[in-house]
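Q:
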Amino acid sequence: MTNIDLNWNFDALGKIRTTTKGDIVERINMIVYEDFRRFFYGIIKRDHVLIIANVDADAVCATQILLDLFAADDVVYTLVPIDGWEGLRKALNEHGELTHSVVLFNCGATESLIPYLRPDMTLYVIDSRRPLDLTNVYYNDNIRLIVSRDEWEQLDIPNICDVEVSDSSSSENSEDEDETGVDADSESDFLEKTEQMEEDDENAESRMFASEQVEIARSSSDGENEIERGTGERADCREQSEKFTSRRRRRVSDVANSVGRREAKRRRRMEMKRHREDLLWKYHENSWYAPSSAVLMLEVAHSVGRTTVEMMWSAVVGISSQLVEYLISHDCYTTVCFDRLRAFRMKFCPDGSDIVRGDDILRLKFDDEIMLPLYAHWSLYTSMVHNDFFFCLTQMWQQSGSHIMKTLLAELEITLEESHQVYSALTSERKDAIFRRIYKHMDDEFASFTAHIGYSNKYNSCDFARAISGRISYGIVEVESPYDRFIGAQEILQKFIEGGDKAPLSKAIESYKSCLINLVNLVFMSINQSLIVSVGSFYLLCLPQEDEARILHCRHFLYIFIHYVLRAFTVSSHSKNRANRPLFVAIPMSGENTGWFLITGSMPANTDYEDSNQKSFIGRAMQKVVENFIRDGARRDFFDSAMVMIRSDQKARFFDGLQATLEIE
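Heads up, the sequence shown is in numbering that gives the first Met the number 0, so the first residue is 0 and it goes up one at a time.
Laid out in structure tokens, this is it:
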């Protein structure tokens, strides 16, 4: 910790109790949110490091930053890309014996990692998925969760005292049993004990009375001289009887008080249990994504004192990949760019950077941008048609869609000839004029990063993220292994920042164009053929078996598709009810997964989010359905909780259970 004097005391639960200015403050020692050099990088660089990275663009960028740091310190490492929990288990089993430090990128934070641990192994988890699993937070010193300082201040992690009721409850039970020896949880036990004590006391009293009568009979034969002694003995017997009665009443009162205390404690335990369940339900109710792991790795590099413009570019591509997949909101993206990246922007992309930097150096610029996919490498018309805003604005799925688009171009003072030629081929004056008109028409202030080396084309960070995501996704699992897809995407990033061959990048961009065209065609088909049906409290889209649908087997295009189709479905009717229900999509699988459906969902279109985090209950609802309704026929191997595979014969049962779950909640 920095700037404050702390006294650390570790307890059995792994907490740190820190004393600051006389006040006791509870902190959690499993979460590292500052001084990354001391508590993270300075530790792992001493020995061989195992890097396990999920196959997504953000993890590729975060891994690249860490590898740049390792190259400077000559650190030996092993890189294993994975795409699910089974892959994580295999990676740790095969490579865990060779290392003591394991770094996980975008995997592992939302489920317990304790079953995956090996002796003398420490896991360092850098994952943007939320919420964090409480087992990883509290219960093992060998699991370290790396988060940013900004997010740490906003994390609402339940206190260990509130979520662990069982230990205190058992101790109370043992104390009460030692104190009274009576199981007062049962009223019948109490009555039996009380009756038994009364019977014992009555027997004792009757024995004393009989003894008294015998003594009186004996003393009567002695004459009048023994009268006084008999009178005294009778008085003693009455006094003893009163003592027995008083003791019996006290014992009954003690037992009653004990029952009352135990009943009060039982009610308190029940209240604590209900409070715990409510607390855990509230904590796990929603899932969301924190800002990019690559941005966090840039902050780690800053703590080490080794940031470079290449690392900066990797970080902004990582955060841009989250934006184009709709994992984070525009507000979250803007906040990160303006706040967390402020110092890096001032250092690596100042005003006039295009002039002061040499032609062989990577140059970055932060400026206004329009959210048209690949428009700098495509024709303007095609890019607008494949953008969700203009696709829905012109309702391109209708016959009049093309006419509305042409009318819109005329309003923007863009000729058909200009709209159909490559945007980069236009003159600088026309590009600037067209850019400003479209930017104003979209009415969504947005700024992003662009980069180029020498006289090469400029690449927007969002388009670059699309290219990397397309390289990861295109071809899908049936064709390439996770390792091949990850390394292919990493090659694009490395060669670009090193000023090398741009052919892999150009090929990835062309492949992405084809995928985006297929995706919009699927949206077109879904709306025109009315494939979306109402199922109680949600809408359901079951796509037919199509070759074009294979691109939806990966998260990137699946999330973009469900965003596009939900927005188009909402605006295609004047019914306000369409914006008030979630949408679920079932995608038929192929290859070795034939006979299975990939299912995901999206929040209602008019969801009013409390903050910039797009919190969703979709993942939690699907998890409950699998646990309560599907005993066999479900695969939850994805790191994303909102994705699950269901066998075809269990699909109807799954959606019946989903309807029941959503109605209850």
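From the three backbone atoms N, C-alpha and C, an ideal C-beta is built for every residue, glycine too.
For Asp-367, does the three-state DSSP call read helix, strand or coil?
A: Asp-367 falls in the strand class under three-state DSSP.
Q: So, is Asn-2 buried or exposed, given that buried needs 16 or more other C-beta atoms within 10 angstroms?
A: With a pLDDT of only 38 at Asn-2, under the threshold of 50, the placement of this residue in the model should not be trusted, and no figure is reported.
Q: I need the straight-line Cα distance from Arg-652 to Phe-628, nearest angstrom please.
A: C-alpha separation (whole angstroms): 7 Å.
Q: With Ile-50 and Val-79 assumed to form a contact (beta carbons below 8 Å), what rounded beta-carbon distance in angstroms separates them?
A: About 7 Å separates the two Cβ atoms, so the contact holds.
Q: Quick one: what does DSSP say Ala-585 is sitting in, helix, strand or coil?
A: It is a strand residue.
Q: If Gly-560 sits next to Leu-597, beta carbons under 8 Å apart, how far is it from one beta carbon to the other, in whole angstroms?
A: The sequence shown places Phe at residue 560, rather than the Gly named in the question. Not quite, the Cβ-Cβ distance comes to about 11 Å (not below 8 Å), so this is no contact.
Q: In three-state terms, what does DSSP make of Tyr-76?
A: The answer is strand: DSSP assigns Tyr-76 an E or B state.
Q: Determine the contact status of Asn-612 and Trp-287, defining contact as a CB-CB distance below 7 Å.
A: Going by C-beta atoms, Asn-612 is nearer than 7 Å to Trp-287.
Q: What residue range does the alpha helix (DSSP H) around Cys-331 cover?
A: From DSSP, the alpha helix (DSSP H) with Cys-331 extends over 329–334.
Q: Start and end of the alpha helix (DSSP H) containing Tyr-538?
A: Premise fails: Tyr-538 lies in the beta strand (DSSP E), 537–541, not in any alpha helix (DSSP H).
Q: Take Glu-662 and list the residues in its own chain whose beta-carbon comes closer than 6 Å to its own, dropping the five residues that flank it on each side.
A: Same-chain partners within the cutoff: Ser-536.
Q: What are the uninterrupted segments assigned as alpha helix (DSSP H) that are 4 or more residues long and contained completely in the region 424–489, given in chain order?
A: 427–441, 460–472, 475–478, all fully within the region 424–489.
Q: Could you spell out the range, first to last residue, of the beta strand (DSSP E) harbouring Tyr-665?
A: The structure shown does not extend to residue 665, since the chain is modelled only from 0 through 664, so no value can be given for it.
Q: Please report the straight-line C-alpha distance between Asp-55 and Leu-295, rounded to a whole angstrom.
A: Rounded to the nearest angstrom, the two C-alpha atoms are 16 Å apart.
Q: Hey, could you find the ends of the beta strand (DSSP E) Asn-53 is sitting in?
A: From DSSP, the beta strand (DSSP E) with Asn-53 extends over 48–53.
Q: If I follow the unbroken beta strand (DSSP E) through Ile-142, where does it start and stop?
A: Counting along the chain, the beta strand (DSSP E) containing Ile-142 begins and ends at 142–145.
Q: Taking the continuous alpha helix (DSSP H) assigned at Arg-554, which residues delimit it?
A: That run of the alpha helix (DSSP H) goes 554–570.
Q: One question on the structure: do Ser-423 and Tyr-380 come within less than 7 Å of each other, judged by their Cβ atoms?
A: No, the pair does not count as a contact, with Cβ atoms beyond the cut-off.
Q: Between which two residues does the alpha helix (DSSP H) harbouring Val-384 extend?
A: It spans 379–384 - the alpha helix (DSSP H) in which Val-384 sits, taken as one unbroken run.
Q: With a 10 Å radius around its C-beta and 16 neighbouring C-beta atoms as the bar for buried, classify His-274 as buried or exposed.
A: Burial call: exposed.
Q: Assess contact between the region 88–105 and the region 118–135, defined as three or more Cβ pairs (one per stretch) separated by less than 8 Å. Is contact present?
A: Touching, per the Cβ criterion.
Q: Within 10 Å of its beta-carbon, does Ala-58 have 16 or more other beta-carbons around it, so buried, or fewer, so exposed?
A: That one is buried.
Q: Tell me the rounded alpha-carbon separation between Arg-249 and Arg-267.
A: Cα to Cα, the separation comes out at about 26 Å.
Q: Can you name, in chain order, every residue of its own chain whose Cβ lies under 6 Å from the Cβ of Ile-471, other than the five neighbours on each side?
A: Hits under 6 Å: Val-54, Arg-484, Ala-488.
Q: With a threshold of 16 other CB atoms inside 10 Å of the CB of Val-564, please say whether the residue is buried or exposed.
A: Classification for Val-564: buried.
Q: Can you list, in chain order, the residues of its chain whose CB lies under 8 Å from that of Gly-498, leaving out five sequence neighbours each side?
A: Asp-359, Leu-361, Ile-452, Gly-453, listed in sequence order.
Q: Over what stretch of residues does the alpha helix (DSSP H) that includes Gly-701 continue unbroken?
A: Examination of residue 701 is not possible in this model, given that the chain is present from 0 through 664 alone.
Q: Pull the bridge partners of Phe-389 from the DSSP assignment, please.
A: The partner list for Phe-389 (beta bridge, DSSP) is empty, contrary to what the question assumes.
Q: Go ahead and label Ser-513 buried or exposed: buried means 16 or more other beta carbons lie within 10 angstroms of its beta carbon, across all protein chains shown.
A: So Ser-513 counts as exposed.
Q: Where do the ends of the alpha helix (DSSP H) carrying Leu-87 lie?
A: That run of the alpha helix (DSSP H) goes 84–94.
Q: Short check: CB of Pro-290 to CB of Val-258, under 7 Å?
A: Their beta carbons are not under 7 Å apart, which means Pro-290 does not touch Val-258 by this criterion.
Q: Write down the C-beta distance between Asp-162 and Leu-279 rounded to the nearest angstrom, noting that I regard them as a contact closer than 8 Å.
A: For clarity, residue 162 is Val in the given sequence; the question names Asp instead. With 8 Å as the limit, Val-162 and Leu-279 qualify as a contact, their Cβ atoms being about 6 Å apart.
Q: Please tell me whether Met-370 and Phe-463 are closer than 7 Å, where the distance is taken between their beta carbons.
A: For Met-370 and Phe-463, no; Cβs fall outside 7 Å.
Q: Got a sec? Which residues, its chain only, sit under 8 Å from Pro-503 by beta carbon, not counting five neighbours each side?
A: Same-chain partners within the cutoff: Arg-470, Gly-487, Glu-490, Ile-491, Lys-494.
Q: Compare the Cα-Cα distances from Tyr-123 to each of Gln-649, Ile-43, Glu-626 and report the closest residue.
A: Closest by alpha carbon: Ile-43.
Q: Could you check if Ala-61 is buried or exposed, using at least 16 other CB atoms within 10 Å of its CB as the buried criterion?
A: It is buried - the Cβ of Ala-61 has at least 16 other Cβ atoms within 10 Å.
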